[in-house]
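Numbering (the numbering used here), first residue to last: 442 to 614.
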Ligand SMILES: [Mg+2]
């Protein structure tokens, strides 16, 4: 049941994933969700740890790209300060814009991975685009109001899959 919500791997946070994990999975471009994956939706300026994370990913030869459902106004400022490319209004859980982004970059599904904190948007969109996805926990408590409804569905499904050991730690992938 709920098979389409099973991620490729799980991590407590994007900050604990070693770039080596992406390398051994042949990731060339890493799609990163922004709100509650990298930072609070309220954060306008990236913290030191986010700058450090992006630096380490780039040093591993991987191109990090923010893929967010939030508006260009919110995403562009943060992404520019972080020095990464971005796609705003990504319309997750729909995968059309992600597929287009992969094609536009001349990549295949195998070259890309998505990291995000939500089953209802990130995991579904990744499966729709046939790319691997790492599900994380929320990086801060507070969510934007638009996310509250998703969480109502996310919580029990997450619990269901955790119980059945379907949330495999990234270290084992
Ligand atoms: Mg998010």
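The beta carbon of each residue, even a glycine, is placed where N, CA and C say it ideally should be.
### Message
Quick check: does the Cβ of residue 558 come within less than 7 Å of any heavy atom belonging to ligand 1?
### Response
The residue labelled residue 558 in the question sits at position 117 within the chain shown. Yes, ligand 1 has a heavy atom inside 7 Å of this Cβ.
### Message
Distance check for residue 476 and residue 592, CA to CA, integer angstroms please.
### Response
Taking the first residue of the chain shown as position 1, residue 592 is located at position 151. Taking the first residue of the chain shown as position 1, residue 476 is located at position 35. Cα to Cα, residue 592 sits roughly 14 Å from residue 476.
### Query
Where do the N-terminal and C-terminal ends of the alpha helix (DSSP H) with residue 544 fall, by residue?
The sequence position of residue 544 within the chain shown is 103, counting from 1. Counting along the chain, the alpha helix (DSSP H) containing residue 544 begins and ends at 537 to 545.
### Message
Bridge partners for residue 450 per DSSP, in chain order?
### Response
As a working mapping, residue 450 is identified with position 9 in the chain shown. DSSP lists 575 as partners of residue 450.
### Message
Measuring alpha carbon to alpha carbon, tell me which residue in 527, 479, 610 and 578 is nearest residue 596.
### Response
Here residue 596 refers to the residue found at position 155 when the chain shown is read from its first residue. Out of 527, 479, 610 and 578, 578 has the C-alpha closest to the C-alpha of residue 596.
### Task
Could you please give the first and the last residue of the uninterrupted alpha helix (DSSP H) stretch that includes residue 569?
Within the chain shown, residue 569 is the residue found at index 128, counting from 1. Residue 569 -> alpha helix (DSSP H) spans 565 to 569.
### Which of helix, strand or coil DSSP assigns to residue 548
Stepping through the chain shown from its first residue, residue 548 is reached at position 107. DSSP places residue 548 in coil when its eight states are reduced to three.
### Cutoff 7 Å; reference residue 456; Cβ partners in own chain excluding five residues on either side
In the chain shown, residue 456 corresponds to position 15, counting from 1. The residues are 490 and 494.
#### Entry: Endpoints, the alpha helix (DSSP H) within which residue 518 is located
On the chain shown, residue 518 is found 77 positions in, with the first residue counted as 1. First-last of the alpha helix (DSSP H) with residue 518: 513 to 523.
#### Entry: Cβ neighbour criterion (16 or more within 10 Å) applied to residue 478
The sequence position of residue 478 within the chain shown is 37, counting from 1. Classification of residue 478: buried, given that the 10 Å Cβ count is 16 or more.
### Query
Do three or more CB pairs link the segment 570 to 584 to the segment 447 to 463 at distances below 8 Å?
yes
### Query
Under 8 Å between the Cβ atoms of residue 563 and residue 569?
Looking up residue 563 in the chain shown gives position 122. Looking up residue 569 in the chain shown gives position 128. In this structure, residue 569 does not lie closer than 8 Å to residue 563 by Cβ.
### Task
Assign residue 530 to buried or exposed, taking buried as 16 or more other Cβ atoms, counted over all protein chains shown, within 10 Å of its Cβ.
Translated into the one-based positions of the chain shown, residue 530 becomes position 89. Answer is exposed; the Cβ neighbour count stays below 16.
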